[in-house]
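Here the numbering used here is used: position 192 in the sequence shown is 229, and no number is missing along the way. Yeah, the Cβ is synthetic: ideal placement off N, Cα and C, and Gly gets one too. As structure tokens, the structure follows; a few thoughts come after it.
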Amino acid sequence: MEKRRKVTNPLALAVLAELLVESMHPYEMGRRLKDNGKDRSFKYNRGSLYMVVEQLRKAGFIIEQETVRDTQRPERTVYALTDEGRHEFYDWMRELVAQPRHEYPQFGVALSLLSVLSPADSVELLTQRSAALSEEADEIRTVVQSALDDGVRWVFLVEDEYRLTVLEAERRFVTGLIESLKQPDYIRAWQEIFGSQT
């Protein structure tokens, strides 16, 4: 069963993970997330990162360790992980890894209403989607191969491998759906229901 958490934004996990390694300020966290390619897994901007840091501080998961200032940059607050924050990180990670969660992707919504579109429109749009999925999969393969060539260990690329597997599965599903939508019996049934409305 899913636990109620004080901070629910997945970006909080990334912040806690960075602070497991060492204390740092939010600007450095953002830079490391980007450098490590984690910005492909977490949707955020500078404002949302600082907001999550403040939520974690209020929850008692991180504390202000010190404020540093050098002559060229504004003051920066360095944050450290608390024992409670360390416990929250591992507990949350264990839950996410072990327990499947039903998510509500937008494509699922579109599929639930697909019968409203004409078979020809559906085929055309799904063909576009299939091409976009193939393009995204190729980009991920390139990123993964480049990282492996640079000596990055596979475990640091596992989210890219997962995303690639999901994209390939979706592309296979879309290809099969396109073929089903082209079947004469489906086209005939659609025309009987919606043909007069087009």
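Exercise. Between Tyr64 and Leu53, what straight-line distance do the alpha-carbon atoms span, to the nearest angstrom?
Worked result: 14 Å
Problem set entry | Nearest candidate by alpha-carbon position, reference Asp197, set Thr179, Lys40, Thr212 and Glu207 | Thr179
Problem set entry | Helix, strand or coil at Tyr199 [DSSP, three-state] | helix
Exercise. How would you call Ser159, buried or exposed, if buried means at least 16 neighbouring beta carbons within 10 angstroms?
Worked result: buried
Problem set entry | Residues near Leu218 in its chain [Cβ-Cβ closer than 6 Å; skip 5 each side] | Pro156, Ser159 and Val160
Exercise. Beta strand (DSSP E) containing Glu112: first to last residue?
Worked result: Element bounds for Glu112: n/a, residue is neither H nor E.
Exercise. Going straight from the alpha carbon of Leu185 to that of Leu154, what length do you get?
Worked result: 43 Å
For this session: With a cut-off of 8 Å on the beta carbons, I'd call Glu55 and Met66 a contact; round off their distance for me.
Result: 5 Å
For this session: Measure the alpha-carbon distance for Glu205 versus Thr212 and round it to whole angstroms.
Result: 11 Å
For this session: Only counting runs of 3 or more residues, tell me where the beta strand (DSSP E) segments fall wholly within the region 74-110, in order along the chain.
Result: 99-105
For this session: Give me whichever residues DSSP pairs with Met130 in a beta bridge.
Result: Bridge partners of Met130: none, in fact.
Exercise. Alpha carbon to alpha carbon, how far is Phe98 from Phe231?
Worked result: 55 Å
Exercise. Do the region 116-123 and the region 90-105 touch if we need at least three Cβ pairs shorter than 8 Å?
Worked result: yes
Exercise. Counting pairs of beta carbons, one from the region 40-51 and one from the region 121-133, are three or more of them closer than 8 Å?
Worked result: yes
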